[in-house]
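S.K.:
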Amino acid sequence: MAARREIREKFEIIGHLGSGGMAEVFLARQDSLERLVAIKELKPAFAENPELYERFLREARTGAALVHENIVQVHHFGESDRGPFIVLEYVDGIDLKTLIQRLGSVPPRAALPIFHAVARALAYAHGRGLVHRDVKPGNIMLGKHGEVKLMDFGIVRATDSDLTRTGAFLGTPSYMSPEQFQGEKLTPASDQFSLGIVIYEALTGVKPFRADDETSLSKKIQTQRELPPRRLNPEVPRRFQWLARRCLKKKPGQRYPDTLELLRALENLMTHQERTRGVALLAEFLSSSGALEGKERTTVVTGEPKKEPMPATPISIPPAREAKSKTGKSQVSKADKSRAPAPKSTLTPEPSPAERIRAAVGPAEPEAPSLRWLWRLIMLLILILSATIAYALSDYYTPYLPKAVKTFLSPAPEPSPPPK
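For the sequence shown, counting from 1, position 356 maps to 351 in my numbering; every step adds exactly one.
(1) If you reduce the DSSP assignment to three classes, tell me which class ARG128 lands in.
(2) Should THR199 and ASN228 be called a contact, given that it needs their Cβ atoms to be closer than 8 Å?
(3) Determine the extent of the beta strand (DSSP E) in which THR51 is found, giving its start and end residues.
(4) Measuring alpha carbon to alpha carbon, tell me which of TYR85, GLY16 and ARG77 ends up nearest GLU43.
(5) Roughly how far, in whole angstroms, is the beta-carbon of GLU19 from the beta-carbon of LYS38, given that I think they are within contact range, below 8 Å?
(6) Contact between the segment 89 to 102 and the segment 133 to 144: three or more CB pairs below 8 Å?
(7) Would ASP129 be called buried (16 or more neighbouring beta carbons within 10 Å of its own) or exposed?
(8) Answer yes or no: do TYR85 and ALA33 have a C-beta to C-beta separation smaller than 8 Å?
(9) Among GLU256, VAL69, GLN236 and LYS215, which one has its Cα closest to the Cα of PRO223?
(10) Where ALA114 and ILE81 are concerned, what is the direct C-alpha to C-alpha distance, given to the nearest angstrom?
(11) Report all residues from its chain with a CB closer than 7 Å to the CB of ARG241; omit the five preceding and five following residues, and keep chain order.
(12) With a 10 Å radius around its C-beta and 16 neighbouring C-beta atoms as the bar for buried, classify VAL62 as buried or exposed.
(13) Does the segment 176 to 185 come into contact with the segment 100 to 114, if we say contact requires no fewer than three beta-carbon pairs (one atom in each stretch) closer than 8 Å?
(14) With burial defined as no fewer than 16 other Cβ atoms inside 10 Å of the residue's Cβ, what is the status of VAL143: buried or exposed?
(15) In this structure, how does DSSP classify LYS139 when only helix, strand and coil are distinguished?
(16) Cα separation between GLU64 and GLY141?
(17) If I follow the unbroken alpha helix (DSSP H) through PRO225, where does it start and stop?
(18) Beta-carbon separation of LEU238 and LEU261 under 8 Å?
(19) ASP90 bridges to which residues according to DSSP?
(20) What does a CB cutoff of less than 7 Å around MET265 pick up in its chain, not counting 5 residues either side in sequence?
(21) Spatial neighbours of PHE204 within its chain, please: C-beta separation below 8 Å, excluding the five flanking residues on both sides.
(22) Kindly list the residues whose CB is nearer than 6 Å to the CB of LEU378, restricted to its own chain and excluding five residues on each side of it in sequence; keep chain order.
(23) Can you tell me which residues form a DSSP beta bridge with PRO79?
(24) Taking the alpha-carbon positions, what's the HIS11 to HIS121 distance?
(25) Whole angstroms are fine: how far does the CA of TYR195 sit from the CA of VAL126?
(26) Where DSSP assigns a beta bridge to GLY10, which residues make up the other side?
(27) Can you tell me whether DSSP reads LYS202 as helix, strand or coil?
(28) Assign ASP186 to one of two classes, buried (16 or more other C-beta atoms within 10 Å of its C-beta) or exposed (fewer than that).
As structure tokens, then:
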């Protein structure tokens, strides 16, 4: 029997990628394979905590057992003089949280391939008896080549395991399901609810439930109905809105029977091209939107329908900010001074999420114009049909009517010709 020996792998830290509550993530190079990887390191302050160490180790083991194209792969688990670390697949791109922050909201056609991929990852995990319990925008990575990866399985739990009340509250409150707040045993339907919140936020730019403290947030998630997404963003297709709101049903039994059904519902919203070229289309969107370069947000959801541009003389877009001198005064070129004064801008500052909500709350969502005209046409046909039937019946029943009614219904006699 061969003697047991330890093989140490060498990683070169290149840069810092991010930091969370418990861990920090670094970009590193794996020397042996000459590839970039992400190293997630438990912060030294938590490394000595047995419960957190166990949770960190469980994340590594669970991730290593889940091999799927839409799940960030775990390559290695080890310990350094600073504490335990996990070597992860490196995704060159941004997370969905950053994308929403930079763009304001995600166009529905771009959101579909993202959530289709996330649903595939969840269906795979659920099929192996696991509930993620922390589905949120920050845990969804978008690669610059259009790949979508679900990550952070640190609080994943087997569906057949017993949950204590304390354990049930693991998760991010803004994305937790009603049953998660209630401390109930969680099923894949809980991940559906969390995904519904993420879909809602991506399409509108705001979360469906907001509060100043966790107690108020818990009450809202368990009892309050969300505003229809179309009230905040009229460009959201009605069927996409219906899908998101079904995920947000308060009772798990009212959501989709399982994640495969949700996956099929998403596929039904996609065109053939989106189903077959979703990765390429998403890559094109990320590149053209400028989100990967960290540009300012280019789309802002205001809750108002888009207005068609009026035919007028072309106008040029002024720069966002004027250059200022050291004295703080705006510098304007002589050529600019010679121009006629431009009319005062009618643009208003970008509304806050709260203002968007207040602006959206008002009269009920109007029916689509096509439906209004359809109902009017139906009513007109009914009136014409009723009149035709009444006329036909009047001839049939004339012999049985009273004399006065017969006289009224019968046509007037033709006048006799004048005498010659």
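No residue lacks a Cβ here, since even glycine has one placed at the ideal position from N, Cα and C. In this text the structure is predicted, and so the values were computed from the model without any measurement.
M.R.: Once the coordinates are examined:
(1) Assigned with DSSP and collapsed to three states, ARG128 falls in coil, not helix or strand.
(2) In this structure, THR199 places its C-beta atom within 8 Å of the C-beta atom of ASN228.
(3) The displayed chain sequence assigns Phe, not Thr, to residue 51. Taken as a continuous stretch (DSSP letters only), PHE51 belongs to no beta strand (DSSP E), being part of the alpha helix (DSSP H) at 45 to 60.
(4) Nearest of TYR85, GLY16 and ARG77 to GLU43, Cα basis: ARG77.
(5) The distance from the Cβ of GLU19 to that of LYS38 is about 6 Å, consistent with a contact at the 8 Å cut-off.
(6) With a cut-off of 8 Å, the segment 133 to 144 and the segment 89 to 102 count as touching, because enough Cβ pairs lie within range.
(7) Buried, because 16 or more other Cβ atoms sit within 10 Å of the Cβ of ASP129.
(8) Going by beta carbons, TYR85 and ALA33 fall inside the 8 Å limit.
(9) Checking every option, the nearest Cα to that of PRO223 belongs to GLN236.
(10) The alpha-carbon of ALA114 is positioned some 25 Å away from that of ILE81.
(11) The answer, listed in chain order, is ARG250 and TYR251.
(12) Classification for VAL62: exposed.
(13) Cβ pair count under 8 Å is below three, so no.
(14) Result: buried.
(15) Under the three-state reduction of DSSP output, LYS139 falls in the coil class, being neither helix nor strand.
(16) If you draw a straight line from the Cα of GLU64 to the Cα of GLY141, it comes to about 12 Å.
(17) Reading off the sequence shown, one finds Arg at residue 225, where the question assumed Pro. For ARG225, the enclosing alpha helix (DSSP H) has its first and last residue at 224 to 227.
(18) Cβ atoms of LEU238 and LEU261: closer than 8 Å.
(19) In DSSP, ASP90 forms a bridge with MET136.
(20) Excluding its 5 nearest sequence neighbours in each direction, MET265 has C-beta neighbours in its own chain below 7 Å: LEU107 and HIS111, listed in chain order.
(21) Result list for PHE204: SER169, ILE192, LEU212, LYS215, ILE216, GLN219 and GLU221, in chain order.
(22) There are no such residues.
(23) PRO79 is bridged to GLU74.
(24) When rounded, the distance between both Cα atoms is 32 Å.
(25) When rounded, the distance between both Cα atoms is 21 Å.
(26) Checking the DSSP bridge columns, you'll see GLY10 partnered with LEU22.
(27) In the structure shown, LYS202 sits in coil (DSSP, three-state: anything other than H, G, I, E or B).
(28) Residue environment for ASP186: buried (at least 16 other C-beta atoms within 10 angstroms of its C-beta).
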